[in-house]
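Mind the numbering: the sequence shown is residues 23 to 587 in my numbering, read in order. Here a beta-carbon is modelled for each residue, glycine too, at the ideal position from N, C-alpha and C.
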Amino acid sequence: MSAKYAWYGWGYGFAPRGGTGQQGIVDYFNDHSYGSYVTYTARKPWHIVDVSGSAFHAAGGGSHEFKFGFGYRRNPNHSTTRYSGDEILGIIQSPTEKYAQVYRARVVNFAGENYDAFIGDTFSRGRFTANGGLRWDRQTAANTASTAPANTAFPDLLPSLTFPGGGPSINWNDVSPRVGMTYALDANRKTVVRASFARYAGQLNPAEVTFLNPAGGYYSYIAYNWVDTNHDGFVQKNEVLTNLGPAYHGSSVDPAKPTALVSPNTIDPNYHANHDNELIVGLDREALPNLAVGAAYTYRTTDDWPSWKPRIGLTSADYTGRTATAGGQTVTVYSPNGAKVDASGGGRVLSNRPDYHSTYNGLELSLNKRLSNKWMARIAFSFNNYVEHFGPGAIQNPTRTDSTSGGNLSGPQVDGGQVAPRSGGSGKGDIFYNAKWQLNANGFYQLPMDFELGANLFGRQGYAMPLIVRASAGADGAVRALATPTVDENRYPNLWDLDLRLAKIFKISSGPSFAPRIIVSADLFNVFNSDTVLSRNRQFGSAAYRSINEILSPRILRVGVKFQF
Numbered sequence: 023m024s025a026k027y028a029w030y031g032w033g034y035g036f037a038p039r040g041g042t043g044q045q046g047i048v049d050y051f052n053d054h055s056y057g058s059y060v061t062y063t064a065r066k067p068w069h070i071v072d073v074s075g076s077a078f079h080a081a082g083g084g085s086h087e088f089k090f091g092f093g094y095r096r097n098p099n100h101s102t103t104r105y106s107g108d109e110i111l112g113i114i115q116s117p118t119e120k121y122a123q124v125y126r127a128r129v130v131n132f133a134g135e136n137y138d139a140f141i142g143d144t145f146s147r148g149r150f151t152a153n154g155g156l157r158w159d160r161q162t163a164a165n166t167a168s169t170a171p172a173n174t175a176f177p178d179l180l181p182s183l184t185f186p187g188g189g190p191s192i193n194w195n196d197v198s199p200r201v202g203m204t205y206a207l208d209a210n211r212k213t214v215v216r217a218s219f220a221r222y223a224g225q226l227n228p229a230e231v232t233f234l235n236p237a238g239g240y241y242s243y244i245a246y247n248w249v250d251t252n253h254d255g256f257v258q259k260n261e262v263l264t265n266l267g268p269a270y271h272g273s274s275v276d277p278a279k280p281t282a283l284v285s286p287n288t289i290d291p292n293y294h295a296n297h298d299n300e301l302i303v304g305l306d307r308e309a310l311p312n313l314a315v316g317a318a319y320t321y322r323t324t325d326d327w328p329s330w331k332p333r334i335g336l337t338s339a340d341y342t343g344r345t346a347t348a349g350g351q352t353v354t355v356y357s358p359n360g361a362k363v364d365a366s367g368g369g370r371v372l373s374n375r376p377d378y379h380s381t382y383n384g385l386e387l388s389l390n391k392r393l394s395n396k397w398m399a400r401i402a403f404s405f406n407n408y409v410e411h412f413g414p415g416a417i418q419n420p421t422r423t424d425s426t427s428g429g430n431l432s433g434p435q436v437d438g439g440q441v442a443p444r445s446g447g448s449g450k451g452d453i454f455y456n457a458k459w460q461l462n463a464n465g466f467y468q469l470p471m472d473f474e475l476g477a478n479l480f481g482r483q484g485y486a487m488p489l490i491v492r493a494s495a496g497a498d499g500a501v502r503a504l505a506t507p508t509v510d511e512n513r514y515p516n517l518w519d520l521d522l523r524l525a526k527i528f529k530i531s532s533g534p535s536f537a538p539r540i541i542v543s544a545d546l547f548n549v550f551n552s553d554t555v556l557s558r559n560r561q562f563g564s565a566a567y568r569s570i571n572e573i574l575s576p577r578i579l580r581v582g583v584k585f586q587f
């Protein structure tokens with residue numbers, strides 16, 4: 023048995039490079055941002071408890087190894103997000119279409135709690151091994167009190183707001199079974215077959231509960247038309263055309279009731295975790311001494327996709343289409359019925375996406391030469407097909423977009439189309455992670471005089487590059503309308519990268535391999551200095567269309583010294 027307790031009184035923050043005194047601008051037409059962005063601070067005092075144990079028992083002609091455990095985690099979050107300057111973010115869709123998003127600071131206070139327990143048994147008898155287990159998870163999240171100050175420039179439009187906390191919480195409960203087996207086909211156990219089935223419950227993002235917090239919701243802003251009368255490229259208060267009324271607004275505020283202590287949003291009382299059902303079968307074979315090969319096939323389905331946020335009281339029939347053209351490409355963009363949007367206060371419902379699931383088929387091949395006769399090598403190749411499936415209920419706004427990760431947009435709407443999650447929050451600009459094949463090969467050789475030579479080759483299919491037209495969808499704001507039949511109609515070039523390493527070992531004293539020694543090494547990354555394009559501007563009609571945003575890092579030589587003892 024073992025028991026652990028940990029407390030993490032941690033937190034972090036981000037300060038804008040441009041200081042807090044000037045406004046921020048996002049220029050989608052020219053594909054750049056300038057000015058100053060947000061200040062973010064967070065405190066997260068976490069409490070974690072973990073208890074686990076194991077027991078052994080002989081029965082049934084074999085041995086049983088039982089494992090069991092319990093865990094608890096409480097992770098409250100206290101954070102503030104405030105836009106710089108007068109808390110107005112300028113949005114430039116085109117030279118003739120500009121908006122000023124007037125923000126109220128986001129002040130978040132919520133607490134998440136996770137409980138888990140598991141029990142499992144591994145039974146071994148001769149060449150046969152079987153395991154089975156159950157895991158229970160309870161994940162909850164609830165809002166606590168928070169106060170958001172008024173917008174600096176327009177305190178009458180977005181006044182200060184004190185939210186008392188409470189209200190509906192999110193509660194997920196899941197029981198997940200897992201079973202598996204391995205069997206050696208020969209007495210020497212050189213050929214082993216294996217199979218497993220597991221059901222996994224998705225992890226709750228406790229911040230989703232702030233969907234009901236008008237002081238701490240993700241999108242507490244009202245957007246108005248903006249005319250840059252002094253042509254300085256920044257938003258001034260007198261340039262915000264509030265007299266025309268809101269152009270659109272975030273889902274956490276009702277412009278007609280900006281001081282309401284009840285959010286216009288709701289959470290489906292049946293909101294629950296997404297679930298993966300995964301089957302793996304494999305074969306491993308020691309073909310030669312110290313040389314093993316293997317193959318494995320994976321089939322996985324994912325349903326109950328979370329974080330779906332359709333508008334309250336609307337169906338796809340409540341959207342009106344229009345064509346939008348940019349850069350010679352024409353798309354159809356749909357806008358919601360404005361009267362029905364106003365009737366719900368612009369509210370949305372957080373729920374699981376109906377009539378939608380994904381399937382994954384993957385094949386993995388491997389070769390592993392263990393270190394012997396002064397050399398070793400590993401090769402791994404994978405091929406996969408990760409696709410999504412739609413039913414009628416999976417679509418609200420019929421606009422075809424590049425998003426395959428849910429939210430409030432319906433995505434490409436291609437039944438059997440590729441799933442390509444878009445990057446976010448990682449510092450990477452605009453990456454759609456989808457490669458149908460990938461290869462990794464590395465090797466190592468011990469040269470005379472204690473020199474070592476190593477190499478690593480990595481290759482994969484180029485990620486998807488969905489081309490878009492950015493256009494207004496009325497109250498749904500600007501959307502990235504997909505201008506190609508599928509999200510992966512266009513791809514970046516295949517990526518190949520070769521790295522080399524040369525090292526020299528200086529033994530300080532004779533003795534075993536772990537005796538003190540100094541290692542001098544030289545690593546050469548991207549040996550061929552490939553400049554493979556990783557990201558481009560994808561927006562038809564943009565002044566920066568197809569301009570390069572990121573390439574593979576150039577050739578780099580690193581020299582190092584390591585003392586090992």
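Proximity below 8 Å, CB of I527 to CB of R539
Yes, Cβ-Cβ distance for I527 and R539 is below 8 Å.
How long is the line joining the alpha carbons of G415 and R502, rounded to whole angstroms?
The alpha-carbon atoms of G415 and R502 are separated by roughly 21 Å.
Taking only three categories from DSSP, how would you classify L234?
In the three-state reduction of the DSSP assignment, L234 falls in the helix class.
What separation, rounded to the nearest whole angstrom, lies between the Cα atoms of Q45 and T63?
When the Cα atoms are used, Q45 and T63 turn out to be separated by approximately 19 Å.
Answer yes if the stretch 486-499 comes into contact with the stretch 345-365, meaning at least three C-beta pairs across the two stretches below 8 Å, and no otherwise.
They touch, by the three-pair rule.
Close Cβ partners of P190 (< 7 Å) along its chain, the five nearest in sequence each way excluded:
These residues qualify, in order along the chain: L234 and I289.
Which term fits T251, buried or exposed, when burial requires 16 or more other beta carbons within 10 angstroms of its beta carbon?
T251 should be labelled exposed.
Which class does S7 belong to by DSSP, given the choice of helix, strand or coil?
Given that the chain is displayed from residue 23 to residue 587, the structure contains no residue 7 and the question cannot be resolved.
Kindly confirm or deny that the stretch 389-396 and the stretch 415-426 touch, where touching means at least three C-beta pairs closer than 8 Å.
No contact exists between the stretch 389-396 and the stretch 415-426.
Compare the beta carbon distance of P291 and L179 with 8 Å and say whether it is the shorter of the two.
Going by beta carbons, P291 and L179 fall outside the 8 Å limit.
Could you say which of S338, Q258 and R160 lies nearest to F176 if we only look at CA atoms?
Its Cα nearest to that of F176, the residue Q258 stands out among S338, Q258 and R160.
Can you say whether T332 is buried or exposed, counting buried as having 16 or more other CB atoms within 10 angstroms of its CB?
Checking the displayed sequence, the identity of residue 332 turns out to be Pro instead of Thr. Label assigned to P332: buried.
DSSP on D108, reduced to helix/strand/coil?
Under the three-state reduction of DSSP output, D108 falls in the coil class, being neither helix nor strand.
Own chain, CB closer than 6 Å to L517, minus 5 neighbours either side, in chain order
Counting only Cβ-Cβ distances below 6 Å, and skipping sequence neighbours, we find R482 and T554.
Nearest to S168 (by Cα), restricted to the options N464, I453 and P186:
Checking every option, the nearest Cα to that of S168 belongs to P186.
Rounded separation between A278 and N260 - CA only
Rounded to the nearest angstrom, the two C-alpha atoms are 22 Å apart.
Any contact of the stretch 336-347 with the stretch 398-413, i.e. 3+ C-beta pairs under 8 Å?
In short, these stretches do not touch, since the Cβ pair count stays below three.
Three-state secondary structure (DSSP) at D424?
Note: D424 maps to coil in three-state DSSP.
For T584, the first and last residue of its enclosing beta strand (DSSP E):
Checking the sequence shown, residue 584 turns out to be Lys, not Thr. Per DSSP, K584 belongs to the beta strand (DSSP E) from I578 to Q586.
Rounded to whole angstroms, what is the Cα-Cα separation between I532 and L226?
Checking the displayed sequence, the identity of residue 532 turns out to be Ser instead of Ile. Going from the Cα of S532 to the Cα of L226 covers about 54 Å.
For A365, report the span of its alpha helix (DSSP H) as first-last.
Counting along the chain, the alpha helix (DSSP H) containing A365 begins and ends at G360 to A365.
Which residue or residues does DSSP assign as beta-bridge partners of W158?
Answer is A139 and V197, bridged to W158.
Assuming R128 contacts T102 (C-beta within less than 8 Å), just tell me the rounded distance between them.
Sure, about 7 Å apart at Cβ, within 8 Å.
Taking the CB atoms as reference points, tell me whether F90 and F140 lie closer together than 8 Å.
Against a cut-off of 8 Å, the Cβ pair of F140 and F90 comes out as a contact.
Give the straight-line distance between the Cα atoms of S552 and F256, rounded to the nearest whole angstrom.
Distance between the alpha carbons of S552 and F256: 39 Å.
Contact set for S106: own chain, Cβ-Cβ below 8 Å, skip 5 residues either direction
P38, G40, G41, T42, G43, Q44, Q45, G46, G57, S58, Y59, V60 and T61.
Measure the alpha-carbon distance for S198 versus T323 and round it to whole angstroms.
Straight-line measurement puts the Cα of T323 at about 15 Å from the Cα of S198.
Which whole runs of the beta strand (DSSP E) in the stretch 34-118 are 3 residues long or more, in chain order?
Runs found: 46-49, 54-57, 60-81, 84-105 and 110-116.
Just verifying my parser: in three-state terms, what is the DSSP assignment at M23?
Note: M23 maps to coil in three-state DSSP.
Assess, as a yes-or-no matter, whether the stretch 158-166 is touched by the stretch 110-125 under the definition of 3 or more beta carbon pairs within less than 8 Å.
The answer is no - the stretch 158-166 does not touch the stretch 110-125, with fewer than three Cβ pairs under 8 Å.
Leaving out the 5 sequence neighbours to the left and right, which residues in its chain are closer than 8 Å to G445 when beta-carbon positions are compared?
According to the sequence displayed, residue 445 carries Ser and not Gly. Excluding sequence neighbours, S445 sits near G451, D452, I453, F454 and Y455.
Tell me the rounded alpha-carbon separation between S218 and D72.
For the pair S218 and D72, the Cα-to-Cα distance works out to about 26 Å.
Provide the residue span of the beta strand (DSSP E) that contains K331, from first to last.
Taken as a continuous stretch (DSSP letters only), K331 belongs to no beta strand (DSSP E), as it is neither H nor E.
Three or more C-beta pairs under 8 Å: does that hold for the stretch 230-250 against the stretch 198-214?
Counting Cβ pairs under 8 Å, fewer than three are found: no touch.
Buried or exposed (CB count within 10 angstroms, at least 16 for buried), S285
Buried.
Where does T166 fall in DSSP's three states?
Here T166 sits in coil by DSSP.
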